[in-house]
Amino acid sequence: MRFTPFLTDLSASVVCEAREIERADRVIRVLAPAGWSDSRVEAWLDWYDQSPDDWPRLEGAPTRTAAAGPPVLDGALDRWAARLAAWGRSTGIFPSAIAADTFASELVASVILGLAAPSSVLMEGARTPPAVEDQPGPTRNATVFDLGDAGVRARFESDTARRRTARVTAHALSGVTRTLRAVTDAVRRCEGPASVCSDPGANPVLGRAALAARRAGADDTAILDAIAGRMFSAPEPEPLKQTRVVAVSDPAAPMDAPLRAAADGCLADDLIVAFSVRDAEAAADLAIAPGCAIALPAVAAALPDMIAGLDALARLWTTALEIEVACGFAPDGRLARRRHAVRPVVLTLVGGLDWLASQADGVINETEFVAASGLLAASASLASSELAETLRPAADWPVAAETILAALAAREARLADLTSDLGRAAALRTAQAHAAASASGRRQCLIATLSADAERDLRLGVAPLSGLEVFQTRDGEIVRRLHPTLAAAIAAQGGDVEGAERWLLGRRTLMDSPALGHAELSAKGFTELELEAVETALTHVERLEDAFSPPTLEAGFIRDVLGIDQETLIQGGLLAQLASPDEIAAATEHVFGHRDLSAWPSTPMRLKTVLTDLDAAAAALVRAAEPSSDVADMTSVELPSRAGIGAAMAMLTQAASEGRRAIRLSRRQAANQPLLLLPDVEPARRAPEPAPSPRPARTERVVERVIERVRTRRKLPDRRKGYIQKAAVGGHKVYIHTGEYEDGELGEIFIDMHKEGAAFRSLMNNFAIAVSIGLQYGVPLDEFVDAFVLTRFEPAGRVTGNDSIGSATSILDYIFRELGVSYLDRHELANADAEPLDADGLGSGKADELVPAARFISKGFARGATPDNLVVLPFGRRTEAPVVSGDHSEADACPACGDFTLQQRGAAWICDTCGIAPQMRG
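Take the sequence shown: its letters are residues 1 to 922, numbered as in full-length UniProt numbering.
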């Protein structure tokens with residue numbers, strides 16, 4: 001076969017640029033088309049890394065030289081195309097090296113232009129040598145089960161039971177492994193002697209973990225190995241072979257045994273059910289067929305003549321896929337022989353909905369997609385007949401010829417009713433394909449035009465049409481926008497494109513919001529400062545809850561103005577206290593937009609059906625183009641997790657009544673939450689009664705037991721007492737708020753540093769919350785004090801405003817010195833003046849005075865009950881133990897003051913109270 005350069009010249013105009021792509025072990029720099037995203041470039045590199053690199057060793061094969069031109073993707077495309085050209089030259093497809101080089105250049109050009117992309121293939125496996133043509137006859141695909149045969153049905157039911165057992169075994173093995181790891185962790189995390197930590201009787205955590213492992217199915221030997229530190233890891237479950245395909249010829253009878261067996265099979269594993277043996281075999285052959293996808297939007301944009309372009313691409317890629325059939329691999333030898341005999345290929349059109357929506361009037365016309373699909377299938381059939389003339393028809397052609405020719409005749413009659421240029425071209429090519437297949441046969445017994453492959457579509461740059469498109473800008477930023485195709489379609493119908501974009505992307509502001517608007521928030525206490533903070537946060541967050549959170553709103557505002565305490569904030573969140581769920585949903589849609597355009601009130605009437613459900617519109621295109629494919633549409637249908645065999649049988653019967661040729665059924669896997677509500681209480685297990693034995697003499701024993709008490713949270717009263725301490729550490733103001741239980745024990749702290757940055761303030765607020773929760777769960781305050789005193793970081797230095805603490809090495813050092821002095825009587829942590837009137841001159845020089853109690857007792861907390869005549873005496877300090885001198889003698893009464901404090905000092909008597917020295921006579 002020879003090819004005329006058609007795409008190579010067009011690809012020369014593609015602008016390429018250098019990209020830095022992150023790989024698994026390094027960052028590489030490659031050349032790629034400017035319009036490709038980084039993820040698309042990386043997908044191509046991954047595809048090439050997983051592609052085979054074996055070259056033919058037959059005489060006359062081309063050398064491993066890359067095609068001329070820039071080394072796009074580091075030359076990966078050139079090497080891939082050169083390998084296919086070499087295999088095509090060695091199998092006799094190309095008459096000369098020049099023809100092979102032209103083929104390789106056209107193949108690379110179609111990829112660079114974004115017109116086509118191949119599917120992934122196996123790197124190794126079984127392969128029938130390309131030169132072998134004499135096959136031992138047609139082979140059946142082992143994955144096809146004709147359930148009309150009782151013996152085959154019994155084998156299928158046995159395979160279903162095996163797959164169901166494999167799934168349960170994998171799940172159970174994962175659970176056992178998880179419990180054994182918990183046993184090992186219980187030993188490793190234990191602090192103490194190894195003999196105690198590894199004893200389930202002495203280590204209660206280990207005992208519970210070992211019991212859980214035994215209940216999960218682990219034997220005691222495995223538990224002992226886990227205690228010894230031997231790790232267990234569940235092996236990766238062996239992937240089951242390709243999806244099973246069954247044929248159910250008569251699904252009308254609900255009690256039919258084949259239908260029941262198929263329904264039971266789909267509940268155990270993914271299953272393809274075809275309603276004829278021919279469609280079942282075609283569906284099974286699709287799994288071993290090499291394929292490619294052709295992007296309709298790119299073809300329409302890059303090629304001046306779409307009909308000639310589709311014709312040329314079909315011929316080019318049919319040849320490439322034939323070479324891949326010859327040199328590629330199958331999973332095993334039986335499938336390799338089947339692939340060699342049938343030689344199946346896949347050429348599918350993608351982006352059909354995008355292409356139709358981008359037409360001048362923006363109206364979805366299914367007949368145009370049917371015509372394009374018919375033209376592609378007919379052109380591929382013509383190329384296959386040309387290959388049959390060059391080589392020979394497929395080994396299985398005599399068996400499949402009658403069915404294929406009948407299908408071509410039916411397509412010709414169906415396409416004859418189309419009146420567009422594309423439709424007439426498709427009908428003409430189909431007639432030519434029918435004549436060529438009748439005369440020369442076909443190299444392929446199966447040409448499919450329907451196939452779904454997400455990775456292949458990513459390499460092609462095509463995604464299912466949706467309202468929003470995520471794309472990469474030239475500077476590498478990932479942004480969202482209204483899909484350009486939908487924007488053009490809406491504009492063509494006179495719709496409001498900006499309104500559609502606002503509907504999808506939202507307004508990123510609460511102004512004019514139907515709920516939680518500025519007026520409503522102002523009524524709740526929000527000022528301009530808080531509203532501005534929320535509006536600023538809405539520009540970069542993705543959830544409304546993140547904009548209404550303590551990092552954005554100060555803790556003091558939430559507590560004092562909104563009246564929401566810390567416990568309520570942690571449990572339910574701030575937003576739930578401000579609005580109802582419906583109001584939150586309405587505000588979220590106003591700010592962040594809607595998921596799609598299905599409920600957009602301004603949808604143009606001619607686009608309403610399509611925009612209401614884009615997925616349904618795409619599925620309708622696939623069903624309309626199904627007659628042009630040798631393989632049926634196998635759109636996947638997922639059954640609910642609770643579905644039983646009756647629901648599966650009803651789904652199969654419905655699909656058959658709708659005229660579907662095949663359906664792919666599966667059951668949704670159970671989610672994280674359980675499907676069954678089981679009782680929590682497990683019946684106690686009765687220990688086996690020991691055999692009666694002589695009772696030993698009773699002796700008194702002292703038994704020590706470790707009793708674990710489950711920590712529960714001790715909540716503070718709603719109206720609690722405490723104090724507020726203002727101070728400055730190194731010039732940075734710090735406010736400490738404390739909350740106490742009724743007995744005076746510390747239960748919570750709040751830390752405010754209102755002049756610091758938002759990040760540091762938020763960090764200190766959350767640190768205070770963590771300490772408060774620890775205190776309420778019983779963590780001693782001593783532990784916190786010992787852990788955080790003497791920590792060093794800025795700000796640090798002199799402390800002003802605190803009469804006990806004179807300096808601190810950090811904010812945390814000051815806070816826990818203050819708490820230790822105030823609540824633990826740990827006066828060794830105080831480093832301020834001990835006595836204000838010390839004679840060393842370091843005191844403040846002013847003695848304590850009588851202070852009204854109102855300075856220390858909250859009048860609001862006492863609800864005004866504090867008496868006015870109550871004062872706090874200044875000498876309420878801790879009394880020191882009196883120093884008893886060795887020469888202590890009993891004192892006498894002083895004649896001046898009357899106190900018994902008159903003592904002899906040498907030869908004189910002195911009163912320790914009044915200081916007088918009376919003359920003692922007589």
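Just so it is clear, CB atoms sit at the ideal spot from N, CA and C, and this is done for glycine as well.
Could you compute how far the alpha carbon of N766 sits from the alpha carbon of T527?
For the purposes of this step, residue 766 is taken as residue 766 along the sequence shown, with counting starting at 1. For the purposes of this step, residue 527 is taken as residue 527 along the sequence shown, with counting starting at 1. Approximately 24 Å between the Cα atoms of the pair.
Starting from T403, trace the alpha helix (DSSP H) in both directions and tell me its first and last residue.
Translated into positions along the sequence shown, residue 403 becomes position 403. Element bounds for T403: W397 to L415.
Can you tell me which of T485, L486 and L468 puts its alpha carbon nearest to the alpha carbon of I478?
Taking the sequence shown and counting its residues from 1, the one referred to as residue 478 is at position 478. Ranking T485, L486 and L468 by Cα distance to I478 puts L468 first.
Just list the residues that DSSP pairs Y723 with in beta bridges.
Numbered from 1 along the sequence shown, position 723 holds the residue referred to as residue 723. Its beta-bridge partners do not exist; DSSP assigns none.
So V739 is in the beta strand (DSSP E); what residue range does that whole segment cover?
By 1-based counting over the sequence shown, the position of residue 739 is 739. Reading off the sequence, residue 739 comes out as Gly, not Val. Where G739 is concerned, the enclosing beta strand (DSSP E) stretches over H732 to E740.
Ignoring anything shorter than 3 residues or poking outside the stretch 49-129, list the beta strand (DSSP E) runs there in chain order.
116-118
Mind checking whether R623 and D613 have CB atoms under 8 Å apart?
Taking the first residue of the sequence shown as 1, we reach residue 623 at position 623. Taking the first residue of the sequence shown as 1, we reach residue 613 at position 613. No; because the gap between Cβ atoms is not below 8 Å, this pair is not in contact.
C914 - DSSP class collapsed to helix/strand/coil:
Here residue 914 refers to the residue found at position 914 of the sequence shown. C914: coil per DSSP, three-state reduction.
Spell out the partners DSSP gives I447 in its beta bridges.
As a working mapping, residue 447 is identified with position 447 in the sequence shown. In the DSSP output, where bridge partners are listed per residue, I447 has V345.
Considering only their Cβ atoms, is the gap separating A287 from L318 smaller than 8 Å?
To locate residue 318, count along the sequence shown from 1; it is residue 318. To locate residue 287, count along the sequence shown from 1; it is residue 287. Looking at the sequence provided, one finds Thr at residue 318 rather than Leu. Cβ distance not < 8 Å, so T318 and A287 don't count as in contact.
Bridge partners - G291, DSSP secondary structure assignment:
Position 291 of the sequence shown, counted from the first residue, corresponds to residue 291. Bridge partners of G291: V346.
beta-carbon L31 near the ligand GTP non-hydrogen atom, thresh 7 Å:
The ligand GTP is absent from the structure shown, which contains no ligands of any kind.
Over what stretch of residues does the beta strand (DSSP E) that includes L271 continue unbroken?
Reading the sequence shown from its first residue, position 271 is the one you call residue 271. Looking at the DSSP string, the run of the beta strand (DSSP E) that includes L271 is L271 to A274.
For a test of the three-state rule: what should DSSP assign to I478, helix, strand or coil?
Counting from one through the sequence shown, the residue named residue 478 turns up at place 478. DSSP places I478 in strand when its eight states are reduced to three.
Identify every residue that forms a DSSP beta bridge with C16.
Stepping through the sequence shown from its first residue, residue 16 is reached at position 16. Beta-bridge pairing links C16 to P33.
Locate the beta strand (DSSP E) running through T800, then write down its first and last residues.
Locating residue 800 in the sequence shown gives position 800, where the first residue counts as 1. It spans G797 to T800 - the beta strand (DSSP E) in which T800 sits, taken as one unbroken run.
Does the distance from the C-beta atom of L316 to that of L107 stay below 8 Å?
For the purposes of this step, residue 316 is taken as residue 316 along the sequence shown, with counting starting at 1. For the purposes of this step, residue 107 is taken as residue 107 along the sequence shown, with counting starting at 1. In this structure, L107 lies closer than 8 Å to L316 by Cβ.
Count the other CB atoms, across all protein chains shown, that sit within 10 Å of the CB of A298; report buried if there are 16 or more and exposed otherwise.
Working through the sequence shown from its first residue, we reach residue 298 at position 298. When all chains shown are included, A298 counts as buried.
Output the distance between the C-alpha atoms of I769 and Q566, rounded to the nearest integer angstrom.
The count along the sequence shown starts at 1 and reaches residue 769 at position 769. The count along the sequence shown starts at 1 and reaches residue 566 at position 566. Straight-line Cα distance between these residues: approximately 8 Å.
Should the stretch 270-288 be regarded as contacting the stretch 72-86, the criterion being three or more beta carbon pairs within less than 8 Å?
no
On the DSSP letters alone, give me the boundaries of the alpha helix (DSSP H) that R315 sits inside.
For this step, residue 315 is matched to residue 315 along the sequence shown. M306 to C327 is the span of the alpha helix (DSSP H), which, as asked, contains R315.
Spatial distance of G886 from Q903 (CA atoms)
Within the sequence shown, numbered from 1, the residue matching residue 886 stands at position 886. Within the sequence shown, numbered from 1, the residue matching residue 903 stands at position 903. Per-residue confidence for G886 stands at a pLDDT of 43, beneath the threshold of 50, marking its modelled position as unreliable; no derived number is given.
Residues near A655 by beta carbon distance below 6 Å, same chain, minus five either side
For this step, residue 655 is matched to residue 655 along the sequence shown. For A655, where only same-chain residues beyond five positions count, the Cβ hits under 6 Å are I663.
Helix, strand or coil for A268 per DSSP?
As a working note, residue 268 is residue 268 in the sequence shown. Three-state result, A268: helix.
Is DSSP giving W44 helix, strand or coil here?
Working through the sequence shown from its first residue, we reach residue 44 at position 44. Correct three-state label for W44: helix.
Can you give me the C-alpha to C-alpha distance between S381 and T390, rounded to a whole angstrom?
Locating residue 381 in the sequence shown gives position 381, where the first residue counts as 1. Locating residue 390 in the sequence shown gives position 390, where the first residue counts as 1. Looking at the two C-alpha atoms, the distance is approximately 14 Å.
Just to confirm my understanding: we take R792, look at its own chain, exclude 5 residues before and 5 after, and list those with CB closer than 6 Å. What are they?
Counting from one through the sequence shown, the residue named residue 792 turns up at place 792. Excluding positions up to five away in sequence, the list reads T809 and S810.
Buried or exposed: which applies to Q571, given that a residue is buried once 16 or more other Cβ atoms fall within 10 Å of its Cβ?
The residue you call residue 571 lines up with position 571 of the sequence shown. Q571 is exposed by the Cβ-count criterion.
Who are the Cβ neighbours of G229 in its own chain at under 8 Å, not counting the five residues just before and after it?
In the sequence shown, the residue the question calls residue 229 occupies position 229. Counting only Cβ-Cβ distances below 8 Å, and skipping sequence neighbours, we find T184, V187 and R188.
So, for Q263: in the same chain, excluding its five sequence neighbours on each side, which residues have a beta-carbon less than 7 Å away from its beta-carbon?
Translated into positions along the sequence shown, residue 263 becomes position 263. With the sequence shown as reference, residue 263 is identified as Ala, and Gln is not the correct amino acid for it. Same-chain partners within the cutoff: I645, A648, M649 and L652.
Would DSSP call L353 helix, strand or coil?
Position 353 of the sequence shown, counting from 1, holds the residue named residue 353. L353: helix per DSSP, three-state reduction.
Distance check for E626 and S440, CA to CA, integer angstroms please.
Position 440 of the sequence shown, counted from the first residue, corresponds to residue 440. Position 626 of the sequence shown, counted from the first residue, corresponds to residue 626. Rounded to the nearest angstrom, the two C-alpha atoms are 25 Å apart.
Assigned exposure category for F548 - 16 Cβ within 10 Å defines buried
The residue you call residue 548 lines up with position 548 of the sequence shown. With 16 or more Cβ atoms within 10 Å of its Cβ, F548 is classed as buried.
According to DSSP, is L391 helix, strand or coil?
As a first step, residue 391 must be located in the sequence shown, where it is residue number 391. Coil at L391, not helix or strand.
Would you call the stretch 39-55 in contact with the stretch 449-462, where contact means no fewer than 3 C-beta pairs closer than 8 Å?
yes
Bridge partners of A808, per DSSP?
On the sequence shown, position 808 is the one that residue 808 refers to. In DSSP, A808 forms a bridge with G797.
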